[in-house]
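**Student:** The structure's right below; bear with me while I get my questions together.
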Amino acid sequence: MSPPAPQSTRLHLVRAGFNRFLARELADAGCPPTIQGPTWLLTPPTDQEFCFSYLTLVDPIELTLATDSVNAAAKLVLDYFLGSCRDEKFTAPWPCQFRGDESVAGLSRRATAVERTFLESLTKRVARVARLAKEIPEKPLGLSRGLFVFWRDFTHCFVSREAILGGQQRMADDPGAPSRSYLKLEEAYGVLGREPRSGETVTDLGAAPGGWSFSAAKRGAKVLALDNGPLKGAALDHPLIRHEQTDAFRYAPPPGQPCDWLLCDVVDDPAKVLALLNLWVKNRACRRFVVNLKFGRTDPIPLLRLALAPTSPIARACIGLRARHLFHDREEFTLVGELRG
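Start counting the sequence shown at 0; every next residue gets the next number (numbering that gives the first Met the number 0).
Right under this line is the structure:
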């Protein structure tokens, strides 16, 4: 075992290709990374949430293997886990997550193999505790206690009993959904902590081909889908979806009649989409929103600063305002929030 990482640290995990954005977020928060890899950054402690971090290990310890054996790796983690929970009682499901740096070929598969061997060994030692281990946490957001293991290469891993979950997670597809963008909205509900309910009203800007409209309608919400393009699949002729062929930026919501949900996945200049959200929030034309900003070649950090600054119109008007680079997002991030009052 190598010497532990310095105490009071945080290990932030990020999707491959986006670590430079997270590094700038961390620097803005006054906790620039001390060391980093392609999909991880180690920093001083901070309780702030970050758009591009999907999981943050609290005070991680680094373990080192003498060989790259799966059995040896599982035993190393098992010894750490059992040593850390001698006096702990397990009465409810606890999260057990093994991840590998996705930029290293084969490392994610290796992490899965080590997890399987670890759980088999744990079952032999304390079957009741092993049965309560779950990959998906009960709560997708906030501080969670369990076991979190991240392999940075085949012989080094960070382990922690606590982690801060960002809410991002892989979602199950629905064969009726007109497009895979449906998955982004399904994931965003977990970040907001709320989803549409039966009888609520939804305005979906840039709705075609209808993935987001379908997601809301299948929960019983009444959807106004706005797009010049056609709806497809299960969104087409759905009894709870009314399609109007109009431009999202030209539509004027009825004054004094806020919808319960504003959904927006428009493919356009993200600054223009953010300005549109500002207008809806200023006019209190919706009660809550899920808006996707596609940054592509645009620098996303100024957009984040503009949207999340405490003095911004959106931040002043909202509770639960969050920005996340979702598991199902690509070169885009998603804003969710609920208006006060």
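C-beta atoms are modelled at their ideal positions from N, C-alpha and C, and glycine is treated no differently.
Remember, it's a predicted structure, so these values are computed and weren't measured experimentally.
Can you look up Thr-42 in the DSSP assignment and give me helix, strand or coil?
**Tutor:** For the purposes of this step, residue 42 is identified with residue 43 of the sequence shown, where counting begins at 1. Strand, per DSSP.
**Student:** In or out: Val-266 buried (at least 16 other Cβ within 10 Å) or exposed?
**Tutor:** On the sequence shown, residue 266 is found 267 positions in, with the first residue counted as 1. By the neighbour-count rule (16 or more Cβ atoms within 10 Å), Val-266 is not buried but exposed.
**Student:** At what residues does the beta strand (DSSP E) containing Thr-63 begin and finish?
**Tutor:** Sequence index remark: in the sequence shown, residue 63 carries index 64 (1-based). Start and end: 60-63.
**Student:** Identify whether Glu-161 lies in helix, strand or coil by the three-state DSSP scheme.
**Tutor:** Looking up residue 161 in the sequence shown gives position 162. Correct three-state label for Glu-161: strand.
**Student:** Under the three-state reduction of DSSP, which class applies to Leu-325: helix, strand or coil?
**Tutor:** Numbered from 1 along the sequence shown, position 326 holds the residue referred to as residue 325. Looking at Leu-325 - three-state DSSP - the assignment turns out to be coil, as it is neither helix nor strand.
**Student:** Determine, using beta carbons only, whether Ala-187 and Val-289 come nearer to each other than 8 Å.
**Tutor:** As a first step, residue 187 must be located in the sequence shown, where it is residue number 188. As a first step, residue 289 must be located in the sequence shown, where it is residue number 290. A contact, by the Cβ cut-off of 8 Å.
**Student:** With burial defined as no fewer than 16 other Cβ atoms inside 10 Å of the residue's Cβ, what is the status of Leu-325: buried or exposed?
**Tutor:** In the sequence shown, counting from the first residue as 1, residue 325 sits at position 326. Its Cβ being crowded by 16 or more others within 10 Å, Leu-325 is buried.
**Student:** Which residues share a DSSP beta bridge with Gly-141?
**Tutor:** Reading the sequence shown from its first residue, position 142 is the one you call residue 141. Gly-141 pairs with Leu-164.
**Student:** Comparing C-alpha positions only, which one of Arg-296, Pro-299 and Leu-41 sits nearest to Val-158?
**Tutor:** Within the sequence shown, the letter at position 159 stands for residue 158. Ranking Arg-296, Pro-299 and Leu-41 by Cα distance to Val-158 puts Leu-41 first.
**Student:** Please determine if the region 30-44 and the region 115-122 are in contact, where contact requires at least 3 C-beta pairs separated by less than 8 Å.
**Tutor:** Flag = no, the region 30-44 and the region 115-122 do not touch.
**Student:** If contact is defined by three or more beta carbon pairs under 8 Å, each pair taking one atom from either stretch, is the region 264-278 in contact with the region 294-303?
**Tutor:** yes
**Student:** Within the same chain, show all residues whose beta-carbon is closer than 7 Å to that of Asp-173, passing over the 5 residues directly before and after it, in chain order.
**Tutor:** On the sequence shown, position 174 is the one that residue 173 refers to. Correct list, in chain order: Tyr-181.
**Student:** Would you call Arg-397 buried or exposed, if buried means 16 or more other Cβ atoms sit within 10 Å of its Cβ?
**Tutor:** Residue 397 lies beyond the residue range present for the chain, which begins at 0 and ends at 340; the question has no answer from this structure.
**Student:** Can you name, in chain order, every residue of its own chain whose Cβ lies under 7 Å from the Cβ of Leu-142, other than the five neighbours on each side?
**Tutor:** Translated into positions along the sequence shown, residue 142 becomes position 143. Hits under 7 Å: Glu-161 and Ile-163.
**Student:** Since Asp-203 sits in a beta bridge, which residues does DSSP pair it with?
**Tutor:** Residue mapping note: residue 203 aligns to position 204 of the sequence shown, counting from 1. Paired residue(s): Ala-224 and Leu-262.
**Student:** By DSSP, does Gly-189 sit in helix, in strand, or in coil?
**Tutor:** In the sequence shown, the residue the question calls residue 189 occupies position 190. In this structure, Gly-189 counts as helix in the three-state DSSP scheme.
**Student:** Can you check the region 53-93 for any beta strand (DSSP E) of at least 3 residues that lies completely inside it and give the ranges in chain order?
**Tutor:** 54-57 and 60-63
**Student:** Within 10 Å of its beta-carbon, does Arg-14 have 16 or more other beta-carbons around it, so buried, or fewer, so exposed?
**Tutor:** Residue 14 sits at position 15 when you count from the first residue of the sequence shown. Looking at its Cβ environment, which holds 16 or more other Cβ atoms inside 10 Å, Arg-14 is buried.
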